[in-house]
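Take a look at the structure below.
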Amino acid sequence: MSRYREWDLSCKVYVGNLGTNASKYEIEKIFSKYGNIRNVWVARNPPGFAFVEFEDPRDAEDSVRGLDGTRCCGTRIRVEMSNGRTRRDRR
1 MSRYREWDLS CKVYVGNLGT NASKYEIEKI FSKYGNIRNV WVARNPPGFA FVEFEDPRDA
61 EDSVRGLDGT RCCGTRIRVE MSNGRTRRDR R
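Numbering (full-length UniProt numbering), first residue to last: 1 to 91.
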């Protein structure tokens with residue numbers, strides 16, 4: 001069993017094209033305007049993307065509509081619903 005709990009894909013948002021200096025705090029601040037956040041995970045190696053999990057799937061969808069293409073942490077970000085694929089699935 002994984003030591004990390006499974007994320008609810010209907011509530012999980014992928015954030016791409018983040019700058020290398022993006023912080024969990026900045027992402028939480030921007031995304032929390034759309035609803036209660038359950039979890040934020042920011043990639044460090046390689047940097048440039050994150051996942052945000054909302055408590056409600058409607059809030060996740062609203063954040064995609066409201067934030068895709070906006071600026072965050074110095075770059076124009078890509079925001080979309082997570083498709084749940086792992087790195088192994090992409091090979």
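Here a beta-carbon is modelled for each residue, glycine too, at the ideal position from N, C-alpha and C.
Small disclaimer: the values here were computed from a predicted structure and weren't measured.
Confirm, please, whether the CB-CB distance from ARG76 to GLY66 is below 8 Å.
The Cβ-Cβ distance between GLY66 and ARG76 does not fall below 8 Å.
Exposed or buried, what is LEU18 when buried is set at 16 or more other beta-carbons lying within 10 Å of its beta-carbon?
buried
Could you check what DSSP says for GLU61 in three-state terms: helix, strand or coil?
helix
Give a yes or no on whether the C-beta atoms belonging to GLY35 and ASP8 are separated by under 8 Å.
no
Under the rule that 16 or more other beta-carbon atoms within 10 Å means buried, what is ASN12, buried or exposed?
Correcting the residue identity first, residue 12 is Lys in this sequence and not Asn. So LYS12 ends up on the buried side.
Could you give the residue range of the beta strand (DSSP E) that holds LYS12?
LYS12 -> beta strand (DSSP E) spans 12 to 16.
In terms of DSSP beta bridges, what is PHE54 paired with?
ILE37
Rounded to whole angstroms, what's the CA-CA distance from ASN45 to THR20? Just pull it up for me.
Spanning the two alpha carbons is a distance of roughly 10 Å.
Among TRP41, ALA22, SER23 and ILE37, which one has its Cα closest to the Cα of ASP62?
ILE37
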